[in-house]
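Asks: Take a look at this one; I'll ask things after.
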Amino acid sequence: MNLLNRLSRAVALTSLSAALLAACGGGDGTVATTSTVTGVAATGAAIASGAVTLKCVSGTTSAATTGTDGSFTIDVTNVALPCVARVEYKDAAGTTRQLHTV
Numbered sequence: 003m004n005l006l007n008r009l010s011r012a013v014a015l016t017s018l019s020a021a022l023l024a025a026c027g028g029g030d031g032t033v034a035t036t037s038t039v040t041g042v043a044a045t046g047a048a049i050a051s052g053a054v055t056l057k058c059v060s061g062t063t064s065a066a067t068t069g070t071d072g073s074f075t076i077d078v079t080n081v082a083l084p085c086v087a088r089v090e091y092k093d094a095a096g097t098t099r100q101l102h103t104v
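Using our numbering, you'd call the opening residue of the sequence shown number 3 and step up by one each time.
Below is the structure:
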């Protein structure tokens, strides 16, 4: 069991290290020119004209409106990730609904 525990820790540390190095982006200190978050808001069917808001760990809030196909694009250049996304919309009965994700 001790070997399994050490192996699990090694795998976890290796995964964490790989994620941190990937997030580093090369370490040359330059910021990417443009970064965007894109997605599709849907609950089985696309959510058209939904208000999408991103609240990021940096405290920055960005917003967009979904298209008729539920798609959205939000500029997150120079924003510290991760973000919580929220889409607010009215369902077929006219009731305001909210969906959240990280």
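Note that CB positions come from ideal geometry on N, CA and C, so glycine has one too.
None of these values were measured; they are calculated from a predicted model.
When the Cα atoms are used, what is the spatial distance from Cys26 to Tyr91?
Replies: At Cys26 the pLDDT is 47, less than 50, meaning the model places this residue with poor confidence and gives no usable figure here.
Asks: Let me check understanding here. Comparing Cα to Cα, which of Thr62, Ala65, Ser37 and Gly69 lies closest to Ser51?
Replies: Answer by Cα proximity: Gly69.
Asks: Grab the span of the beta strand (DSSP E) containing Ile76 for me, first residue to last.
Replies: From DSSP, the beta strand (DSSP E) with Ile76 extends over Ser73 to Asp77.
Asks: So, at 6 Å on beta carbons, what are the nonlocal neighbours of Leu56 in its own chain, with the 5 sequence-adjacent residues on each side left out?
Replies: Cβ within range, chain order: Ser64, Ile76, Cys85 and Ala87.
Asks: What separation, rounded to the nearest whole angstrom, lies between the Cα atoms of Gln100 and Gly61?
Replies: C-alpha separation (whole angstroms): 20 Å.
Asks: Can the beta-carbon of Val54 be found closer than 9 Å to that of Ala48?
Replies: For Val54 and Ala48, no; Cβs fall outside 9 Å.
Asks: Quick check on the DSSP output: the beta strand (DSSP E) that includes Thr40 runs from which residue to which?
Replies: Start and end: Thr38 to Val42.
Asks: Buried or exposed: which applies to Ala95, given that a residue is buried once 16 or more other Cβ atoms fall within 10 Å of its Cβ?
Replies: It is exposed - the Cβ of Ala95 has fewer than 16 other Cβ atoms within 10 Å.
Asks: Quick one: using the 10 Å Cβ neighbour count with 16 as the cut-off for buried, is Val89 buried or exposed?
Replies: The residue in question, Val89, is buried, as its Cβ has 16 or more Cβ neighbours within 10 Å.
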